[in-house]
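*Asks:* Dumping the structure here so I can ask a few things about it.
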Amino acid sequence: YAPSLGVMRQFEKFLEEIKMRKGNCGGYLELKTGDKYKGEFAYLPGKGSFMHGYGEYKWSSGDSYEGYLHYNKKQGLGKFKYSNGDVYVGPFKNNRKQGVGLYEKKCGTTFLCTYERDKLMKHEVVERLDILTNLAIMV
């Protein structure tokens, strides 16, 4: 008895999914540009390896990102540090700021911001004591 071609394809797909799940592993990557990544990777058969899961990416410009990645894109909660000293902490979707997060200027002023596709929609200055209250409201 030989399994049908359809059954074999389903089995191969199942094995690829298992390999991808088990393929999440930690590692280090340094690009010719000077950019560096330390974190989790995933392997997709036929497509290669991707930064996927939790990691830290540092650009040669001085910017850095720490948080979750989904196939090489910022996705979920993360912390982006700009080379000028400003910091954004909040959600990302498809490599863009998306939703409510905190943006702290180097001078110490903190804003509660709402972003849609990386575009700032609204913001308000918050005092450090108000930050926990605002975060509790967001959760």
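For the sequence shown, the residue numbers in my numbering are 20 to 158.
Glycine included, every Cβ here is placed at the ideal spot set by N, Cα and C.
Computed from a prediction, not measured in an experiment: that's the story for all the values here.
Could you tell me which residues DSSP puts in a beta bridge with H89?
*Replies:* K92.
*Asks:* From M157 to G120, what distance separates their C-alpha atoms?
*Replies:* Because M157 carries a pLDDT of 48, less than 50, the predicted location of this residue cannot be relied on, and the following value inherits that uncertainty. If I take the Cα positions, the gap works out to 9 Å.
*Asks:* Please determine, among D54, S68, G81 and N114, the residue with the shortest C-alpha to C-alpha distance to N103.
*Replies:* Nearest C-alpha to N103: G81.
*Asks:* Quick one: using the 10 Å Cβ neighbour count with 16 as the cut-off for buried, is Y90 buried or exposed?
*Replies:* Exposed, by the Cβ-count rule.
*Asks:* For G53, which residues of its own chain have a beta-carbon under 7 Å away from its beta-carbon, when the five flanking residues on both sides are left out?
*Replies:* Cβ within range, chain order: S79.
*Asks:* Would you identify the three-state DSSP class for Y56, choosing helix, strand or coil?
*Replies:* If DSSP states are grouped into helix, strand and coil, Y56 belongs with the strands.
*Asks:* How is the beta strand (DSSP E) around T133 delimited, first residue to last?
*Replies:* Taken as a continuous stretch (DSSP letters only), the beta strand (DSSP E) holding T133 covers T129 to E135.
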